[in-house]
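Chemist:
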Amino acid sequence: MPTRLPVTVITGFLGAGKTTLLRHLLTTSGQRLAVMVNEFGSVGLDGDLIRSCGFCPEDELEGRLVELNNGCLCCTVQDDFLPTMERLLERADHLDGIVVETSGLALPRPLLQALEWPAIRSRVHVNGVVTVVDGEAMVGGHPVADREALENQRLNDPSLDHITAIDELFADQLGAADLVLISRADLVTDDSMERVRSSLASQVRDGTPLLPVRQGTIDPAVVLGLVHRDEHQADHDHDHDHDHDHHHHDHSHVEIVGGVVRLAGAIDRAQLERLLPDLVRGHGVVRLKGRVWLAGKTLPLQIQMVGPRLNSWFEAAPATAWHPPQSVGLDLVVLSFEESATDAIQTALQSVVTATPARASTAASSPSG
Numbered sequence: 043m044p045t046r047l048p049v050t051v052i053t054g055f056l057g058a059g060k061t062t063l064l065r066h067l068l069t070t071s072g073q074r075l076a077v078m079v080n081e082f083g084s085v086g087l088d089g090d091l092i093r094s095c096g097f098c099p100e101d102e103l104e105g106r107l108v109e110l111n112n113g114c115l116c117c118t119v120q121d122d123f124l125p126t127m128e129r130l131l132e133r134a135d136h137l138d139g140i141v142v143e144t145s146g147l148a149l150p151r152p153l154l155q156a157l158e159w160p161a162i163r164s165r166v167h168v169n170g171v172v173t174v175v176d177g178e179a180m181v182g183g184h185p186v187a188d189r190e191a192l193e194n195q196r197l198n199d200p201s202l203d204h205i206t207a208i209d210e211l212f213a214d215q216l217g218a219a220d221l222v223l224i225s226r227a228d229l230v231t232d233d234s235m236e237r238v239r240s241s242l243a244s245q246v247r248d249g250t251p252l253l254p255v256r257q258g259t260i261d262p263a264v265v266l267g268l269v270h271r272d273e274h275q276a277d278h279d280h281d282h283d284h285d286h287d288h289h290h291h292d293h294s295h296v297e298i299v300g301g302v303v304r305l306a307g308a309i310d311r312a313q314l315e316r317l318l319p320d321l322v323r324g325h326g327v328v329r330l331k332g333r334v335w336l337a338g339k340t341l342p343l344q345i346q347m348v349g350p351r352l353n354s355w356f357e358a359a360p361a362t363a364w365h366p367p368q369s370v371g372l373d374l375v376v377l378s379f380e381e382s383a384t385d386a387i388q389t390a391l392q393s394v395v396t397a398t399p400a401r402a403s404t405a406a407s408s409p410s411g
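Each residue of the sequence shown is one higher than the one before, starting from 43 at the first, in this note's numbering.
1. For the alpha helix (DSSP H) that contains H66, what are its first and last residues?
2. Thinking C-beta only, is V141 closer than 9 Å to L91?
3. Could you give the DSSP three-state label for A76: helix, strand or coil?
4. Can you look up G177 in the DSSP assignment and give me helix, strand or coil?
5. Let me know the beta strand (DSSP E) ranges lying completely inside the segment 350-375, each 3 residues or longer, listed in chain order.
6. Residue range of the alpha helix (DSSP H) that S241 falls in?
7. Rounded to the nearest angstrom, how far is the Cβ of S94 from that of L266, given a contact under 8 Å?
8. Count the C-beta pairs between the segment 372-386 and the segment 321-337 that are closer than 8 Å, then say yes if the count reaches three, no if not.
9. In whole angstroms, what is the alpha-carbon distance linking V255 and A390?
10. From T53 to Q245, what distance separates their C-alpha atoms?
11. Roughly how many angstroms separate the alpha carbons of R74 and P125, rounded to a whole number?
12. Going along the chain, which residues of its own chain have a beta-carbon closer than 6 Å to the beta-carbon of G59, five neighbours each way excluded?
13. Cutting at 8 Å between CB atoms, please list the residues of its own chain near L154, excluding the five before and the five after it.
14. Can you tell me the Cα-Cα spacing of P48 and G139, whole angstroms?
15. Would you mind reading off the limits of the beta strand (DSSP E) that contains Q346?
16. Rounded C-beta distance between L336 and R304? I'm assuming under 8 Å.
17. Quick one: what's got a C-beta closer than 8 Å to T62's C-beta in the same chain, skipping five residues either side?
18. Kindly list the residues whose CB is nearer than 8 Å to the CB of V328, restricted to its own chain and excluding five residues on each side of it in sequence; keep chain order.
19. Just the Cα atoms here: how many angstroms apart are E8 and L352?
20. List the residues that DSSP assigns as beta-bridge partners of K331.
21. Among residues of its own chain, excluding the 5 on either side of D320, which ones have a beta-carbon nearer than 6 Å to its beta-carbon?
22. Per DSSP, what kind of secondary structure is H27 in: helix, strand or coil?
23. Please give the ranges of any alpha helix (DSSP H) in the segment 122-168, keeping only runs that are unbroken, at least 4 residues long and fully inside the region.
24. Just tell me which of D228, V394, G249 and G307 has its CA closest to the CA of G326.
25. Would you list the residues sitting across from L108 in a DSSP beta bridge?
26. Could you tell me how far apart the beta carbons of E143 and V79 are, in whole angstroms, since I believe they sit closer than 8 Å?
27. Quick one: measure Cβ to Cβ for T384 and G307, integer angstroms, because I've assumed they're closer than 8 Å.
28. Just grab the DSSP bridge partners of S94 for me.
29. Can you check whether the CB of V108 is closer than 9 Å to the CB of V181?
30. Quick check on the DSSP output: the alpha helix (DSSP H) that includes V265 runs from which residue to which?
31. Mapping DSSP to helix, strand and coil, what is A306?
32. Using the Cα positions of L147 and A156, report the straight-line distance between them to the nearest angstrom.
33. Just confirm the distance between the C-beta atoms of E77 and R106, as a whole number of angstroms; I'd bet it's less than 8 Å.
34. For a test of the three-state rule: what should DSSP assign to P185, helix, strand or coil?
35. Could you spell out the range, first to last residue, of the alpha helix (DSSP H) harbouring T389?
36. Quickly, what does DSSP pair P48 with across the bridge? List them, please.
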């Protein structure tokens with residue numbers, strides 16, 4: 043059975059730092075990514091910046107970087123987005139994921155709806171909507187540094203079929219977000235950043251992580267998730283032989299702790315899927331990913347969460363994957379703000395697992411600074 047390819051949507055206003063973030067992800071993640079870039083106007087400046095970062099060999103660029111300069115992507119879903127996605131999916135065996143960078147005027151929800159279209163829904167899954175917010179502008183009380191430029195772009199784009207006010211557009215981008223990255227944290231004092239985070243917290247869904255980012259630098263696993271290319275290479279830095287206690291990722295004064303939960307025993311899927319979003323919200327979980335082996339099912343259930351968003355589907359596991367002894371159980375990787383999250387999640391999940399769990403594990407290294 044083919045593996046569903048993760049699709050990550052990066053949204054945010056003009057100048058928020060989307061392209062800087064994307065260049066960082068492409069050059070540091072170690073993942074084989076294809077990129078769809080949507081820009082305003084006929085000249086693809088963002089595409090040039092991405093092309094020049096050297097994220098893939100020159101002879102692969104045509105198949106891994108697609109520039110859509112025909113206007114707002116959310117307004118051209120059928121004409122541009124879906125055909126482009128289908129072309130990229132022809133190369134799915136050579137990719138670990140697809141990243142879509144929208145224009146600053148795009149509404150994310152139409153793209154999410156498009157990913158549910160019958161032609162592609164069985165071949166992709168939503169890996170998360172990441173909204174990039176200009177922290178320096180937010181300190182000044184505005185969602186965008188150059189509001190006049192954005193207004194002019196909005197008014198002068200003939201492709202737009204949504205004439206959405208800037209503040210309403212910002213609300214939509216935040217409302218759709220699974221993860222909010224606050225850029226230019228190095229230009230904002232700690233007190234100001236706390237005020238920005240407090241303001242944003244009231245505009246996002248409960249449990250949505252709000253992470254300050256310096257110069258577009260963040261652990262790629264937080265944004266893109268973990269890849270099971272060589273099974274439990276997914277745990278590469280999170281589960282080295284289970285012989286340490288914690289692995290810390292320290293970026294922009296935000297420390298992320300990785301851990302693994304493995305439980306053997308029968309599991310009630312409905313209970314599990316009700317419980318996981320509450321655990322994510324309650325324990326500062328940024329990402330959760332793994333497999334659940336259910337009684338009577340030939341294939342394991344894949345679980346993907348970014349913030350409280352939960353996606354699940356049945357898909358074969360590689361032969362090298364961990365398998366529970368009696369063919370029922372779960373194997374989850376957790377990335378969280380809280381050092382105690384993995385143990386707390388293991389304890390809570392015992393309520394839906396009818397066997398004694400294997401030891402939860404978290405792998406350690408020195409903070410990366």
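Even for Gly, the Cβ is constructed at its ideal location relative to N, Cα and C.
Modeler: The structure says:
1. K60 to T70
2. Taking 9 Å as the Cβ cut-off, L91 and V141 do not qualify as a contacting pair.
3. strand
4. Correct three-state label for G177: helix.
5. 351-356
6. D232 to A243
7. With 8 Å as the limit, S94 and L266 do not qualify as a contact, their Cβ atoms being about 21 Å apart.
8. yes
9. 31 Å
10. Their backbone Cα atoms lie some 16 Å apart in a straight line.
11. When rounded, the distance between both Cα atoms is 21 Å.
12. Result list for G59: V174, S225 and G258, in chain order.
13. V51, V168, V171 and A218
14. 5 Å
15. L343 to V348
16. Their Cβ separation, rounded to whole angstroms, is 15 Å, which puts L336 and R304 out of contact at 8 Å.
17. S225, Q257 and G258
18. Only L221, P251, L253, V264, I298, V348, G349, L377, S378 and F379 meet the Cβ criterion.
19. The shown model of the chain, from 43 to 411, leaves out residue 8, and the question about it has no answer.
20. Beta-bridge pairing links K331 to Q346 and V375.
21. none
22. Since the first and last residues shown for the chain are 43 and 411, residue 27 lies out of range.
23. 124-131 and 150-156
24. G249
25. Rather than Leu, the amino acid found at residue 108 in this sequence is Val. M78.
26. 5 Å
27. Wrong, their Cβ atoms sit about 18 Å apart, outside the cutoff.
28. Paired residues: none, contrary to the question.
29. no
30. Counting along the chain, the unbroken alpha helix (DSSP H) around V265 starts and ends at P262 to L266.
31. strand
32. 17 Å
33. The residue asked about is misnamed: residue 77 is Val in this sequence, not Glu. Confirmed, about 7 Å.
34. Coil, per DSSP.
35. A383 to L391
36. H167
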